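**Q**
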Amino acid sequence: TTSNPPTSIIVTGTTSSTIDISYNPPVGSVPIGYYAIAKPRTTSVGQTSVTTPRTTANQLRITGLFAGTTYDISMVAVYSVGNQMSTISVSGNTLFSPPTITALNKNTTDASTNAITVYFTAPTGTSPTSYIATAIPDYTNNYQSIVNVTGLSNSITSFVIGNLISGTSYDISMSAVYATGYSGSNI
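Counting from 1, position 161 in the sequence shown corresponds to residue 313 in the working numbering; the numbering is continuous, with no gaps.
1) Just to confirm the assignment, what range does the beta strand (DSSP E) spanning Ala328 have?
2) Cutting at 6 Å between CB atoms, please list the residues of its own chain near Asn235, excluding the five before and the five after it.
3) Kindly give me the distance between the Cβ atoms of Gly185 and Arg213, rounded to whole angstroms, as I take these residues to be in contact under 8 Å.
4) For Thr195, does the three-state DSSP call read helix, strand or coil?
5) State the DSSP-derived secondary structure class of Asp262, mapped to helix, strand or coil.
6) So what's Pro289 in DSSP terms, helix, strand or just coil?
7) Counting only runs that start and end within the region 216 to 248, where is the beta strand (DSSP E) found for 3 or more residues in a row?
8) Within the continuous beta strand (DSSP E) that includes Val182, where are the two ends?
9) Thinking just about the alpha-carbon of each residue, which of Pro251, Ile268, Ala267, Val270 is nearest to the one in Thr281?
10) Where Asn266 and Asp290 are concerned, what is the direct C-alpha to C-alpha distance, given to the nearest angstrom?
11) When you compare each of Lys258, Val270, Ser243 to Val164 by their alpha carbons, which one comes out closest?
12) Between which residues of its own chain and Gln199 is the CB-CB distance below 7 Å, once the five residues before and five after are set aside?
13) Can you give me the C-alpha to C-alpha distance between Ser264 and Ser226, rounded to a whole angstrom?
14) Could you tell me the boundaries of the beta strand (DSSP E) in which Leu256 lies?
15) Alpha carbons only, please: which of Val202, Ser160, Thr246, Tyr322 is nearest the one belonging to Thr278?
16) Quick one: measure Cβ to Cβ for Thr260 and Ser310, integer angstroms, because I've assumed they're closer than 8 Å.
17) From Ser232 to Ser196, what distance separates their C-alpha atoms?
18) Nearest to Ser160 by alpha carbon, out of Ser168, Pro178, Thr166?
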């Protein structure tokens with residue numbers, strides 16, 4: 153009996169710490185299970201290879217990955233007489249993590265009629281080069297407008313968004329800026 157590898161490996165979804173893949177079973181042979189090996193293309197900030205637990209499904213989620221990293225993923229078919237690594241591999245990129253907004257105007261000295269102080273924690277994984285933030289008013293009947301703040305230093309954990317209209321509610325969002333892209337927003 154021939155031991156063949158899985159075929160047609162594709163990435164079906166990603167988050168900042170997972171990559172979902174699907175694959176077709178081997179042609180001409182039936183394995184007793186599968187597992188994946190995800191190897192990072194870089195290990196500059198602590199990334200390591202991840203091997204998934206064995207499964208019999210034709211899709212799986214690789215967990216414990218590092219945000220903002222490209223992984224080369226190979227599938228292994230497990231047979232009772234040995235394992236067969238797929239000759240086909242796929243690359244997948246985890247998403248960048250956004251910062252987490254922890255508080256708005258948390259100190260009494262932060263209160264202002266036309267500004268909001270935003271406190272946040274840095275994202276996990278790769279360090280961003282900077283941050284951007286947006287304040288979107290709930291309504292615009294009094295000349296309120298969207299306020300964008302760009303170029304925020306990657307070494308801060310709070311900042312002030314000014315030029316706001318007193319008495320207006322704002323939705324605040326933040327993204328981390330990386331050399332190769334942006335994180336999703338955090339509201």
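Backbone N, C-alpha and C define an ideal beta-carbon position, used for all residues, glycine too.
Please read these numbers as outputs of a predicted model, since none were measured by experiment.
**A** Per the coordinate set shown:
1) Translated into positions along the sequence shown, residue 328 becomes position 176. Segment 322 to 330, the beta strand (DSSP E) holding Ala328.
2) Numbered from its first residue, the sequence shown carries residue 235 at position 83. Same-chain partners within the cutoff: Val228.
3) As a first step, residue 185 must be located in the sequence shown, where it is residue number 33. As a first step, residue 213 must be located in the sequence shown, where it is residue number 61. Not really, about 16 Å apart at Cβ, beyond 8 Å.
4) Indexing the sequence shown from 1 puts residue 195 at position 43. Correct three-state label for Thr195: coil.
5) In the sequence shown, the residue the question calls residue 262 occupies position 110. If DSSP states are grouped into helix, strand and coil, Asp262 belongs with the helices.
6) Locating residue 289 in the sequence shown gives position 137, counting from the first residue. It is a strand residue.
7) 222 to 231, 234 to 245
8) Within the sequence shown, numbered from 1, the residue matching residue 182 stands at position 30. It is not in any beta strand (DSSP E) - Val182 carries neither H nor E in the DSSP assignment.
9) For this step, residue 281 is matched to residue 129 along the sequence shown. Checked all of Pro251, Ile268, Ala267, Val270; the closest Cα to Thr281 is Pro251.
10) Along the sequence shown, read from residue 1 onward, the residue named residue 266 stands at position 114. Along the sequence shown, read from residue 1 onward, the residue named residue 290 stands at position 138. Each residue's alpha carbon lies about 15 Å from the other.
11) For the purposes of this step, residue 164 is taken as the residue at position 12 of the sequence shown. Sequence check: residue 164 is Thr here, not Val. Looking at the Cα atoms, Ser243 is the closest of the given residues.
12) Mapped onto the sequence shown, residue 199 falls at position 47. So the qualifying residues of the chain are Pro192, Phe218, Thr221.
13) Mapped onto the sequence shown, residue 264 falls at position 112. Mapped onto the sequence shown, residue 226 falls at position 74. In a straight line, the C-alpha of Ser264 is about 55 Å away from that of Ser226.
14) Residue mapping note: residue 256 aligns to position 104 of the sequence shown, counting from 1. 252 to 256 is the span of the beta strand (DSSP E), which, as asked, contains Leu256.
15) Translated into the one-based positions of the sequence shown, residue 278 becomes position 126. Closest option to Thr278, Cα to Cα, is Thr246.
16) As a first step, residue 260 must be located in the sequence shown, where it is residue number 108. As a first step, residue 310 must be located in the sequence shown, where it is residue number 158. The pair is not a contact, with the Cβ atoms about 15 Å apart (cut-off 8 Å).
17) What you label residue 232 is simply residue 80 of the sequence shown in a count that begins at 1. What you label residue 196 is simply residue 44 of the sequence shown in a count that begins at 1. Each residue's alpha carbon lies about 38 Å from the other.
18) Residue 160 sits at position 8 when you count from the first residue of the sequence shown. Nearest C-alpha to Ser160: Pro178.
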